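Engineer: Counting in the working numbering, the final residue of the sequence shown is number 1200, and the numbers go up one at a time with none missing.
Heads up, the beta-carbon is just placed ideally off N, CA and C, and yes, glycines get one too.
This structure is a prediction, so every number in the text was calculated from the model and none was measured.
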Amino acid sequence: MSLVNHRGHFAGQKSWTGFTMIEILAVVAIIGVLVGLLLPAIQASREGARRMSCSSNLSQVGLAVVGYHHAFDQFPVQLSGTDGSLIAGQDNDRRLSIFVALLPFMDNTSLADQIGHAHPKVLYDPTGGYIDQQFSMQQNSETVAETWPAGGPETFQSQYRWWHVEPLGLRCPSDPGMGHPSMGRCNYAICLGDGVVASSTGPLKEVEGTFVFDPQRALETEIAMRGVFVPRRVTKFADVTDGLSQTILLGEICTDLGDGDNRTAPVAVSLTQTAKLLRDVPLLASKLNWRDADRPQFWKSGAPFLTAGESSSSKRGHRWADGMPLFTGFNTILPPNREIALALDQEDSDGVLPPSSRHQGGVQICMADGAVSFVTDSIDAGNSSQPTVHAGSHPEAESKDAATIPSPYGVWGALGTRASSEVGAGDFEVID
769 MSLVNHRGHF AGQKSWTGFT MIEILAVVAI IGVLVGLLLP AIQASREGAR RMSCSSNLSQ
829 VGLAVVGYHH AFDQFPVQLS GTDGSLIAGQ DNDRRLSIFV ALLPFMDNTS LADQIGHAHP
889 KVLYDPTGGY IDQQFSMQQN SETVAETWPA GGPETFQSQY RWWHVEPLGL RCPSDPGMGH
949 PSMGRCNYAI CLGDGVVASS TGPLKEVEGT FVFDPQRALE TEIAMRGVFV PRRVTKFADV
1009 TDGLSQTILL GEICTDLGDG DNRTAPVAVS LTQTAKLLRD VPLLASKLNW RDADRPQFWK
1069 SGAPFLTAGE SSSSKRGHRW ADGMPLFTGF NTILPPNREI ALALDQEDSD GVLPPSSRHQ
1129 GGVQICMADG AVSFVTDSID AGNSSQPTVH AGSHPEAESK DAATIPSPYG VWGALGTRAS
1189 SEVGAGDFEV ID
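Here it is as structure tokens:
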């Protein structure tokens, strides 16, 4: 008897009919559920890795500051550099950030050497490289010199190549910002304390191209600038009497993406209000309803945006070498990831400038002892409607050491001050 039937199959074997539509849909549904469960975990893991990398970068910057102090017995000075000339491009107007001085301490010796030497002036197009030719031009009715000076020109000089180079270790992997219209981007900034006044000047004023000591500005600076770094003034570890582990040294800032984010695109109070109002009402931008009600992290289209900047790079984090607060500074007045505002319609203005980040729920900060922590947006920031500490704001401001006046801005403000003597400032909310 034949083992094969007339259909060509082995006797007793059933024919295979394939998957049914219901079975296929069930498998697809299971795969979809698994993907839905795994993707957030993968994304969270990647963000965790980016945050760790950012923490490492910030820690290295902190170590560079410590290394600088060991070498020179002082912290690097914010708003430092050269002056003495009325000719644009022949000095940097004492406008450099601490990061220029830190370059040799951050494995950026080659870049430091380039900036430290004079260079023949050539046209530089940030979108396409060099046009190799000598040139002269008019800028602000001044003749530009034919050689870039040692130490570099003003930090807004977009044709100076080295201001476009992003030094190693100054970018957060979670920040997607890149390229034009910014110059060299930077995601880290110095802590200026819980004050606004004098953050763009320090104790000096410019007289015919040279910065000289001014008693009134010196008084304002002494009262209002209570952070580890004081613009255009030397500070040391010995000045941090609150304790290195309870005083913020550095923190994160987002770089502007051109999307109207109110953490990176500055508004100018003086366009609609008295400029001094900002020092007395730090929450002014919110009180005037400039924020978009539907998207609180963005400005309304009619907000009074900064218009008097030197260039389109006048945004948060767009110039690593620029020591003005907008670019590489922050204060501990409003809590992290809140809106930024300048007092005047100019990029070299005082302002309320909280730190910010692309990490979910907070920012990373580096304490004066080098420890890096993640501070949540919900940290106790006291009463943001209270005036900042400045001459005339408190009865005792000019009658005793202003550095010891308690911060109006809770734990957050206390962490930003170097000598306010507030107990328990270290008990802030962190995510390890």
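I believe D1024 touches K1083 by the beta-carbon criterion, under 8 Å. Please report the beta-carbon distance rounded to the nearest angstrom.
Structural biologist: Within the sequence shown, residue 1024 is the residue found at index 256, counting from 1. Within the sequence shown, residue 1083 is the residue found at index 315, counting from 1. Contact holds; Cβ gap of about 3 Å.
Engineer: Nearest-angstrom Cα distance between A1187 and N1030?
Structural biologist: The sequence position of residue 1187 within the sequence shown is 419, counting from 1. The sequence position of residue 1030 within the sequence shown is 262, counting from 1. Cα to Cα, A1187 sits roughly 31 Å from N1030.
Engineer: Can you say whether I1147 is buried or exposed, counting buried as having 16 or more other CB atoms within 10 angstroms of its CB?
Structural biologist: Indexing the sequence shown from 1 puts residue 1147 at position 379. When all chains shown are included, I1147 counts as buried.
Engineer: Would V975 pass as a contact of A1111 if the rule is Cβ separation under 9 Å?
Structural biologist: What you label residue 975 is simply residue 207 of the sequence shown in a count that begins at 1. What you label residue 1111 is simply residue 343 of the sequence shown in a count that begins at 1. It is not a contact, given that the beta carbons lie outside the stated cut-off.
Engineer: What is the DSSP secondary structure of M1092, counted as helix, strand or coil?
Structural biologist: Counting from 1 along the sequence shown, the entry for residue 1092 is found at position 324. M1092: coil per DSSP, three-state reduction.
Engineer: For F787, which three-state DSSP category applies?
Structural biologist: Your numbering for residue 787 matches position 19 in the sequence shown. In the structure shown, F787 sits in coil (DSSP, three-state: anything other than H, G, I, E or B).
Engineer: So what's E922 in DSSP terms, helix, strand or just coil?
Structural biologist: Here residue 922 refers to the residue found at position 154 of the sequence shown. Three-state DSSP puts E922 in coil, outside helix and strand.
Engineer: What is the C-beta distance between S1117 and S950, in whole angstroms, given that I count them as a contact (C-beta under 8 Å)?
Structural biologist: For the purposes of this step, residue 1117 is taken as the residue at position 349 of the sequence shown. For the purposes of this step, residue 950 is taken as the residue at position 182 of the sequence shown. About 19 Å separates the two Cβ atoms, so there is no contact after all.
Engineer: Taking DSSP's pairing of strands, which residues face G995 in a bridge?
Structural biologist: Taking the sequence shown and counting its residues from 1, one reaches residue 995 at position 227. G995 is not bridged to any residue.
Engineer: Should S967 be listed as close to the ligand COA, given that the test is whether its C-beta is under 8 Å from any heavy atom?
Structural biologist: With respect to the ligand COA, the structure offers nothing, as it holds no ligand at all.
Engineer: With DSSP as the reference, please indicate the residues paired to A957 in a beta bridge.
Structural biologist: Position 189 of the sequence shown, counted from the start, is the residue given in the question as residue 957. Beta-bridge pairing links A957 to G1019.
Engineer: Can you confirm whether the region 1174-1184 touches the region 852-863 when touching is taken to mean that 3 or more C-beta pairs between the two stretches lie within less than 8 Å?
Structural biologist: Verdict: no, contact absent.
Engineer: Leaving out the 5 sequence neighbours to the left and right, which residues in its chain are closer than 6 Å to M874 when beta-carbon positions are compared?
Structural biologist: The count along the sequence shown starts at 1 and reaches residue 874 at position 106. Closer than 6 Å at the Cβ level, and outside the excluded window around M874, lie A832 and G937.
Engineer: Taking the alpha-carbon positions, what's the T877 to P1122 distance?
Structural biologist: Residue 877 sits at position 109 when you count from the first residue of the sequence shown. Residue 1122 sits at position 354 when you count from the first residue of the sequence shown. Straight-line Cα distance between these residues: approximately 31 Å.
Engineer: Which full runs of the alpha helix (DSSP H) of 4+ residues lie inside the region 1110-1156, going along the chain?
Structural biologist: Entirely contained in the region 1110-1156, not one alpha helix (DSSP H) run reaches 4 residues.
Engineer: With distances taken from CA atoms, which of H948, V996, D1113 and G1019 is nearest T1144?
Structural biologist: Locating residue 1144 in the sequence shown gives position 376, counting from the first residue. Answer by Cα proximity: G1019.
Engineer: Which complete beta strand (DSSP E) runs does the region 828-893 hold, if anything under 3 residues is left out?
Structural biologist: Correct list: 891-893.
Engineer: What's the gap between the Cα of S1124 and the Cα of R1063?
Structural biologist: For the purposes of this step, residue 1124 is identified with residue 356 of the sequence shown, where counting begins at 1. For the purposes of this step, residue 1063 is identified with residue 295 of the sequence shown, where counting begins at 1. Distance between the alpha carbons of S1124 and R1063: 17 Å.
Engineer: With DSSP as the reference, label E914 as helix, strand or coil.
Structural biologist: Mapped onto the sequence shown, residue 914 falls at position 146. Reduced to three states, the DSSP call for E914 is coil.
Engineer: Just reading off the beta strand (DSSP E) that L972 is part of, what are its end residues?
Structural biologist: By 1-based counting over the sequence shown, the position of residue 972 is 204. Start and end: L972 to V975.
Engineer: A726 bridges to which residues according to DSSP?
Structural biologist: An answer regarding residue 726 cannot be provided, because it is not within the stretch 769 to 1200 covered by the chain.
Engineer: So who's on the other strand from G947, going by DSSP bridges?
Structural biologist: The sequence position of residue 947 within the sequence shown is 179, counting from 1. Its beta-bridge partners do not exist; DSSP assigns none.
Engineer: Pop quiz: F1073 and A1033 are said to be a contact at Cβ under 8 Å. What is the actual Cβ separation, rounded to whole angstroms?
Structural biologist: By one-based count along the sequence shown, residue 1073 stands at place 305. By one-based count along the sequence shown, residue 1033 stands at place 265. Contact flag correct, Cβ pair sits at about 6 Å.
Engineer: Per DSSP, G1097 is paired with what?
Structural biologist: In the sequence shown, the residue the question calls residue 1097 occupies position 329. Looking at the DSSP assignment, G1097 forms a beta bridge with I958.
Engineer: Look at the Cβ atom of A1170, then the Cβ atom of R994, and state whether they are nearer than 9 Å.
Structural biologist: As a first step, residue 1170 must be located in the sequence shown, where it is residue number 402. As a first step, residue 994 must be located in the sequence shown, where it is residue number 226. In this structure, R994 lies closer than 9 Å to A1170 by Cβ.
Engineer: Using 8 Å for Cβ pairs, my map puts G1085 next to R953. What's the rounded Cβ distance?
Structural biologist: Your numbering for residue 1085 matches position 317 in the sequence shown. Your numbering for residue 953 matches position 185 in the sequence shown. Between R953 and G1085 the Cβ distance is about 6 Å, and since that is below 8 Å, they are a contact.
Engineer: Need the endpoints of the alpha helix (DSSP H) that V1179 sits in, please.
Structural biologist: Position 411 of the sequence shown holds residue 1179. First-last of the alpha helix (DSSP H) with V1179: G1178 to G1184.
Engineer: Evaluate contact between the region 1098-1115 and the region 1051-1058, counting only Cβ atoms and requiring at least three cross-stretch pairs below 8 Å.
Structural biologist: The answer is yes - the region 1051-1058 touches the region 1098-1115, with three or more Cβ pairs under 8 Å.
Engineer: Tell me whether R775 sits in a helix, a strand or coil according to DSSP, three-state version.
Structural biologist: Taking the first residue of the sequence shown as 1, we reach residue 775 at position 7. At R775, the pLDDT of 49 sits below 50, so the modelled position is not reliable; the number obtained from the coordinates is stated separately. Residue state, collapsed to three classes: coil.
Engineer: Let me make sure I understand the geometry here. Which of I1133, A1159, F1005 and L805 has the alpha-carbon closest to that of C822?
Structural biologist: One-based indexing of the sequence shown puts residue 822 at position 54. Comparing Cα positions, the closest option is I1133.
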